[in-house]
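Peer 1: Mind looking over this structure? Questions follow.
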Amino acid sequence: MSHTPDFNTRVAAALANPTLKVAIERTTGTARTKRAAAMAAWPEFPAARALGRDIKDHVIENLAHYLVEFEKNAVAAGTKVHWARSGEEACQIVVDICRKAKAKSVTRAKSMLGEEIGLPHALEAAGLERVETDLAEHIIQLAGDPPSHIVWPALHKTREQVAELFRAHHRDPGAMATVEAMVASARRQLREKFMAADVGISGANFLIADTGAVCTVTNEGNAELTTTPPRIHIVTAGIEKLVPSTAHAMAMLRLLVRSATGAELTQYTTFHNGPKRAEDRDGPDEFHVVLVDAGRTRMLNEGLAEMLRCIRCGACLNHCVVYRQIGGHAYGATYPGPMGSVLTPVLDGLEQAQDLPRACTLNGQCQEVCPVAIPLPTLLRGWREKSWQRGFEPATVRWALVLWRFMAMRPRLYEFAGNLGLRIMPLFSRGGWISRMPMAGGWTAHRDMPSPSGGTFLAQYRRRFKK
Amino acid sequence: MTLEIRPAENSLPHVALFATCLVNAMRPAVGFAALALLEQAGCRVDVPQAQTCCGQPALNSGDTEGTRQIARRNIEMLEPFDHVVVPSGSCAATIRLHYPELLAQDPAWAARARNLAARTHELLSYLADIRGWLPEGISLEASATYHDSCSGLRELGVKAQPRKLLAAVKDLTLRKLEGEETCCGFGGTFCVKYPAISNAIVDEKAVAVEASGAALLLGGDLGCLLNMAGKLHRRGADVRAFHAAEILAGMGDAPAIGEIP
Chain A
1 MSHTPDFNTR VAAALANPTL KVAIERTTGT ARTKRAAAMA AWPEFPAARA LGRDIKDHVI
61 ENLAHYLVEF EKNAVAAGTK VHWARSGEEA CQIVVDICRK AKAKSVTRAK SMLGEEIGLP
121 HALEAAGLER VETDLAEHII QLAGDPPSHI VWPALHKTRE QVAELFRAHH RDPGAMATVE
181 AMVASARRQL REKFMAADVG ISGANFLIAD TGAVCTVTNE GNAELTTTPP RIHIVTAGIE
241 KLVPSTAHAM AMLRLLVRSA TGAELTQYTT FHNGPKRAED RDGPDEFHVV LVDAGRTRML
301 NEGLAEMLRC IRCGACLNHC VVYRQIGGHA YGATYPGPMG SVLTPVLDGL EQAQDLPRAC
361 TLNGQCQEVC PVAIPLPTLL RGWREKSWQR GFEPATVRWA LVLWRFMAMR PRLYEFAGNL
421 GLRIMPLFSR GGWISRMPMA GGWTAHRDMP SPSGGTFLAQ YRRRFKK
Chain B
1 MTLEIRPAEN SLPHVALFAT CLVNAMRPAV GFAALALLEQ AGCRVDVPQA QTCCGQPALN
61 SGDTEGTRQI ARRNIEMLEP FDHVVVPSGS CAATIRLHYP ELLAQDPAWA ARARNLAART
121 HELLSYLADI RGWLPEGISL EASATYHDSC SGLRELGVKA QPRKLLAAVK DLTLRKLEGE
181 ETCCGFGGTF CVKYPAISNA IVDEKAVAVE ASGAALLLGG DLGCLLNMAG KLHRRGADVR
241 AFHAAEILAG MGDAPAIGEI P
C-alpha cells in the first residue's frame, strides 16, 4: 500500500480528469445501448439467464469431477495439462515452457487471468519479448498502462489519445485521420510479430470438459494469429471456466456476447483442441493448458461460490454508477467495477481492498444486468460484514454507528437526540437551506441540506392528536 | 354485560405507519401525507411512538449483529399490527427482505421475521396493489418527473404503482426522466463516506432532472429526494421536490423540500 496512492486519492485524480469521463461514457454508453437493444429483441433472456446460472452452479458444485474429465479428454487430444495453485506457480509454469523451447518472442491474446496472475510482468522479467496483440492491449502496452476494463482494456483512452500514441510509437503511422487508418497502422506494426513469435499465449472463455477443448471469443482475429503460427500455444485459464459440453458453452456464449457488446456472436469463436495433428495444415507443435486456482477454491469455502459464475462480460461495469464516474484505474486492482469489488478482496486481501466493497450505493443494477444472476450487492455486503468484524471501518464512522445503534434501541433517547439536532440545524440555515454545517461536510461540500422545522414527525403527531 | 359492536371499524386493516428516520426528522409532512392516504384507503392507522430506525445504516455498514438487535426490537413492536406501511422503498425492503435473511438461523425469531416481512409494504405499492386505491378529487396543475429509487424498484418491484397513482391526479403531467432507473448517488451512508463519487453521480442526475423540463421532481424515498433536491438547489435550479405521497394527499401547494413555510 505504501507506494500506491490510496483509494480516495485515485478517485480524486479520476474525477478531476474530464477526458477520462468522456472516454468512459463513449464506450460504456454504447455498450449499454447495444445491450439494451439485444435484450429487447431476446424475450428468452430470463430463461437463458436461469439456465446459465444453473450450468455454472452445477459445474462449481462438481468442480473436481469436471476438472478430471477435462484433463482426461485434453490429454487424449495431445494437450499437456498443468495445475497451478497460485498465480506465481502459473507464471513459473509458463516461463519454464518458454525457456525449454528457447523462445525469444511471445505473442499474447487478451486474457484477464493473465493480468490477474501478473503474467505480462513475469514474461518480461524472464527476458522474453512480449507482444500484446489485442488492439486495446496493444494500446495500453504502448502507454504502459494497466487495463481499465475487463472487455475494453484501453477504454480510458480516447481515440484522439490513441492516435497520438500510435504516431509516437508506430514505424509507419500514416495520417491517423480515421479509426480505419489507425487500425491499419496497428496491423502493419503487429503482423510480422505474429509470424515471428515462438510462443502464443491466450486465455479461455470456456474449458469444455467432455472434449478437452478450449473456447475463445474475440472480435479481431488476433487470438487466432496468436495461437496458430507459433510452435507452442499456451492457455492459462481459471478453473471456473469449465462447462460440461460444447452445447453448454453455446448456452453461455449467447449470454456472454449479448451482455458484453449486444452482438449475437463475436467475429471469431474458436475451439482449440490439442496440438497440430498429422493431417492438419497448421497449428502449434505443443499445446499446453495451465489450470489456475489462485484463490478460487478458497472462494468456495468463504461464501463466494456464486462469484465463480462470472463469465467476465463487463455488463456490471458498464452499468455501475461508480465505475462510470471513476473508471477502472481508481479501483487499483486487476478487476474493476462491481465484480472486481467482490474479487479483489480475495486476490489482494480485504484490508488493502476494504474501500472497494464500501464504495458502492448497493443500487442493485449490476445484479439486474448480470447474465448469470450473481447477487453482487449481497456479496459486497458480505465483505462489509467481514470488514466490520475485523475492525477495518475508520474509527469515527465506527463509533458514530455504534452510538447511533445504541440510541436506536432506546426510543426516548433517540427522540431526544433527534430533537436536539433539529433545534441546532436551523441555526445554520439561510433561506430554508443549509450550505455549511459542522460535521456535515460530506453532504454540504457538494449539495445543500433543507433545514428542518417544527420538530419530529412523532412529536408533531402527538401534538396534533393530543396523545 | 354490554357488547361493543364496531363491525366496520374491526374489518379495517390495522396498519402501523413506520415513518422512517428521515421523514421523522427532515420532512414530517410525508408522514402526515402517508397517514391521510392510508386512512383514505380504508385503514385504521397507528403511529407506534417507540419507533426509531429500521437498521439500514448498520446493515449496509456490515454491523450485522447490531442490525439483528434492531430487527428483533422492531419485530416485537410491529407484529401486533395487520400491516406495516413505510413511505420508503429501502426501509421497507430492509424489513421485508433483510430481516428474514438476518434472522434465518435464529430459531426463536426466524418465523416471526418472515411473518412480519410478508405483512410489510412500501406505501405507494401498498395503496395501489393491496388496497386498490386511487386518488379522487385531487388536482395539481404542474409538470412533474419521477425518479425510481433503487431499493423500491429492484428489491420490491415498485415501478408502475406510483405512476398509476399520479396519473389519477388531475392536471398533473408526468414527463420522462432520462435514466429514471439510474441511482442518484445517495446510497445511505455512501454519500458521506465517499462524497466526491456521490457528488459526481448526483450531478449527472440533476442535469437529467433539469433537462426533463419538469417543474416538480417526485420520488418515493426521502433520502434520494434530499440528495437530488440539495444538488438541484446548489446548482441554482428551480425544480421543486416532493415525496409522491404529498402530491397524492393534495399537499402539492405546500412548501417543497427546502422551501420556507
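Residue numbers (the numbering used here), protein chains in the order written: chain A, 1 to 467; chain B, 1 to 261. From the three backbone atoms N, C-alpha and C, an ideal C-beta is built for every residue, glycine too.
Is it the case that the Cβ atoms of C316 (chain A) and V369 (chain A) are separated by a distance below 8 angstroms?
Peer 2: Against the first sequence, residue 316 (chain A) aligns to sequence position 316. Against the first sequence, residue 369 (chain A) aligns to sequence position 369. Between C316 (chain A) and V369 (chain A), the gap from beta carbon to beta carbon is short of 8 angstroms.
Peer 1: Report the residue ranges of all beta strand (DSSP E) runs contained in full by the segment 114-146 of chain B; include only those spanning at least 3 residues, in chain order.
Peer 2: 120-122 and 139-146
Peer 1: Return no unless some Cβ of chain E is closer than 8 angstroms to the Cβ of M251 (chain B).
Peer 2: Note that chain E does not occur in the displayed structure, where the protein chains are A and B.
Peer 1: Report buried or exposed for P43 (chain A), applying the criterion of at least 16 other Cβ atoms within 10 angstroms of its Cβ.
Peer 2: Locating residue 43 (chain A) in the first sequence gives position 43, counting from the first residue. The C-beta of P43 (chain A) has fewer than 16 other C-beta atoms within 10 Å across all chains shown, which makes the residue exposed.
Peer 1: Of all the options A:V235, A:P18 and A:A90, which has the alpha carbon lying nearest to the alpha carbon of R108 (chain A)?
Peer 2: Here residue 108 (chain A) refers to the residue found at position 108 of the first sequence. It is A:V235.
Peer 1: On a Cα-Cα basis, can you pick out the residue from B:H233, B:P261, B:I247 and B:V239 that is closest to R447 (chain A)?
Peer 2: To locate residue 447 (chain A), count along the first sequence from 1; it is residue 447. It is B:H233.
Peer 1: Under a CB-based cut-off of 8 angstroms, is G340 (chain A) close to chain B?
Peer 2: As a position in the first sequence, residue 340 (chain A) is number 340, starting the count at 1. No - not a single Cβ of chain B is within 8 angstroms of the one on G340 (chain A).
Peer 1: Have a look at A23 (chain A) and V346 (chain A) and give me their C-alpha separation to the nearest angstrom.
Peer 2: Residue 23 (chain A) sits at position 23 when you count from the first residue of the first sequence. Residue 346 (chain A) sits at position 346 when you count from the first residue of the first sequence. In a straight line, the C-alpha of A23 (chain A) is about 29 angstroms away from that of V346 (chain A).
Peer 1: How would you label A263 (chain A), buried or exposed, when you count the other beta carbons within 10 angstroms and need 16 or more for buried?
Peer 2: As a working mapping, residue 263 (chain A) is identified with position 263 in the first sequence. Exposed.
Peer 1: Spell out a yes or no on whether the segment 143-153 of chain B and the segment 346-357 of chain A are touching, meaning 3 or more CB-CB pairs, one atom from each, closer than 8 angstroms.
Peer 2: no
Peer 1: When you compare the CB of A12 (chain A) with every CB in chain B, is at least one pair closer than 8 angstroms?
Peer 2: Sequence index remark: in the first sequence, residue 12 (chain A) carries index 12 (1-based). For A12 (chain A), at least one C-beta of chain B is nearer than 8 angstroms to its own C-beta.
Peer 1: When you check each C-beta in the segment 152-165 of chain A against every C-beta of chain B, which residues fall closer than 7 angstroms?
Peer 2: none
Peer 1: Suppose you measure from the CA of F7 (chain A) to the CA of I326 (chain A); what does that come to, to the nearest Å?
Peer 2: Your numbering for residue 7 (chain A) matches position 7 in the first sequence. Your numbering for residue 326 (chain A) matches position 326 in the first sequence. Approximately 11 angstroms, taken between the alpha carbons.
Peer 1: Can you list the residues of chain A that Y194 (chain B) reaches, using a CB-CB cut of under 7 angstroms?
Peer 2: Stepping through the second sequence from its first residue, residue 194 (chain B) is reached at position 194. The answer, in chain order, is A359.
Peer 1: For A50 (chain A), decide whether its Cβ has a neighbour in chain B, counting only Cβ atoms nearer than 8 angstroms.
Peer 2: As a first step, residue 50 (chain A) is located in the first sequence; it is residue number 50 there, counting from the start. No, its Cβ sits nowhere closer than 8 angstroms to a Cβ of chain B.
Peer 1: The ligand GTP heavy atoms versus the CB of A241 (chain B): any closer than 7 angstroms?
Peer 2: This structure lacks the ligand GTP; in fact it carries no ligand of any kind.
Peer 1: Three or more C-beta pairs closer than 8 angstroms, one from the segment 306-313 of chain A and one from the segment 51-60 of chain A: is that the case here?
Peer 2: yes
Peer 1: Compute the Euclidean distance between the alpha carbons of E302 (chain A) and V243 (chain A), then round it to the nearest angstrom.
Peer 2: Start at 1 with the first residue of the first sequence, and residue 302 (chain A) comes out as number 302. Start at 1 with the first residue of the first sequence, and residue 243 (chain A) comes out as number 243. Taking the straight line joining both Cα atoms gives about 22 angstroms.
Peer 1: Could you name the residues of chain A that E259 (chain B) contacts, counting a contact when the two beta carbons are closer than 7 angstroms?
Peer 2: Along the second sequence, read from residue 1 onward, the residue named residue 259 (chain B) stands at position 259. Those are G432, listed as they occur along chain A.
Peer 1: Going straight from the alpha carbon of P230 (chain A) to that of D198 (chain A), what length do you get?
Peer 2: Taking the first residue of the first sequence as position 1, residue 230 (chain A) is located at position 230. Taking the first residue of the first sequence as position 1, residue 198 (chain A) is located at position 198. Across the structure, P230 (chain A) and D198 (chain A) are spaced so that their CA atoms are roughly 5 angstroms apart.
Peer 1: Taking the DSSP output, what are the residues bridged to C215 (chain A)?
Peer 2: Walking along the first sequence from the start, residue 215 (chain A) turns up at place 215. Answer by DSSP bridge pairing, in chain order: A:F206 and A:F271.
Peer 1: Using C-beta distances below 7 angstroms, list every residue in its chain close to L142 (chain A), excluding the 5 sequence neighbours before and after it, in chain order.
Peer 2: If you number the first sequence from 1, residue 142 (chain A) lands on position 142. Result list for L142 (chain A): L165 and H169, in chain order.
Peer 1: For V257 (chain A), tell me which candidate among A:I150, A:L376, A:P426 and A:V217 has the shortest Cα-Cα distance.
Peer 2: For the purposes of this step, residue 257 (chain A) is taken as the residue at position 257 of the first sequence. Of A:I150, A:L376, A:P426 and A:V217, the residue nearest in Cα terms is A:V217.
Peer 1: Could you check whether the Cβ of D63 (chain B) sits closer than 8 angstroms to any Cβ belonging to chain A?
Peer 2: In the second sequence, residue 63 (chain B) corresponds to position 63, counting from 1. For D63 (chain B), the answer is yes, since a Cβ of chain A falls inside 8 angstroms of its Cβ.
Peer 1: Which residue from B:T189, B:L226, B:G132 and B:D221 puts its Cα closest to that of A206 (chain B)?
Peer 2: To locate residue 206 (chain B), count along the second sequence from 1; it is residue 206. For A206 (chain B), the nearest C-alpha among the options comes from B:L226.
Peer 1: Suppose you measure from the CA of G283 (chain A) to the CA of V321 (chain A); what does that come to, to the nearest Å?
Peer 2: Taking the first residue of the first sequence as position 1, residue 283 (chain A) is located at position 283. Taking the first residue of the first sequence as position 1, residue 321 (chain A) is located at position 321. Approximately 44 angstroms between the Cα atoms of the pair.
Peer 1: Can you find a CB in chain B that lies within less than 8 angstroms of the CB of E461 (chain A)?
Peer 2: Translated into positions along the first sequence, residue 461 (chain A) becomes position 461. One detail in the question is off: residue 461 (chain A) reads as Tyr in this sequence, not Glu. For Y461 (chain A), the nearest CB of chain B lies under 8 angstroms from its own CB, placing it at the interface with that chain.
Peer 1: Taking the alpha carbon of L422 (chain A) as the reference point, which residue from A:F70, A:T444, A:A459 and A:Q389 has its own alpha carbon closest?
Peer 2: Counted from its first residue, the first sequence places residue 422 (chain A) at position 422. Answer by Cα proximity: A:A459.
Peer 1: When we look at the beta-carbon of T456 (chain A) and count the other beta-carbons within 10 Å, is it buried (16 or more) or exposed?
Peer 2: To locate residue 456 (chain A), count along the first sequence from 1; it is residue 456. With 16 or more other Cβ atoms within 10 Å, it is buried.
Peer 1: Could you tell me the alpha carbon to alpha carbon distance between Q49 (chain B) and P147 (chain A), rounded to whole angstroms?
Peer 2: Your numbering for residue 49 (chain B) matches position 49 in the second sequence. Your numbering for residue 147 (chain A) matches position 147 in the first sequence. Rounded to whole angstroms, the gap between the alpha carbons of Q49 (chain B) and P147 (chain A) is 54 angstroms.
Peer 1: Leaving aside the five residues before and after D82 (chain B) along the sequence, list all residues of the same chain whose C-beta is less than 7 angstroms from its C-beta, in chain order.
Peer 2: If you number the second sequence from 1, residue 82 (chain B) lands on position 82. Only residues of its own chain outside the window of five on either side were considered, and among them P13, H14, V15 and R119 have a CB closer than 7 angstroms to the CB of D82 (chain B), listed in chain order.
Peer 1: Give the straight-line distance between the Cα atoms of R73 (chain B) and D238 (chain B), rounded to the nearest whole angstrom.
Peer 2: On the second sequence, position 73 is the one that residue 73 (chain B) refers to. On the second sequence, position 238 is the one that residue 238 (chain B) refers to. Rounded to the nearest whole angstrom, the C-alpha separation of R73 (chain B) and D238 (chain B) is 42 angstroms.
Peer 1: Output yes or no for whether 8 angstroms exceeds the beta carbon distance between L216 (chain B) and R240 (chain B).
Peer 2: Numbered from its first residue, the second sequence carries residue 216 (chain B) at position 216. Numbered from its first residue, the second sequence carries residue 240 (chain B) at position 240. Their beta carbons are under 8 angstroms apart, which means L216 (chain B) touches R240 (chain B) by this criterion.
Peer 1: Is the segment 75-82 of chain A in contact with the segment 191-206 of chain A, if contact means three or more CB pairs nearer than 8 angstroms?
Peer 2: no
Peer 1: Hey, quick one: how far does the alpha helix (DSSP H) through T444 (chain A) stretch, first residue to last?
Peer 2: Counted from its first residue, the first sequence places residue 444 (chain A) at position 444. Residues G441 to T444.
Peer 1: Can at least three beta-carbon pairs, one atom from the segment 28-41 of chain B and one from the segment 380-394 of chain A, be found at a separation below 8 angstroms?
Peer 2: Contact between the segment 28-41 of chain B and the segment 380-394 of chain A is absent: fewer than 3 CB-CB pairs across the two stretches fall below 8 angstroms.
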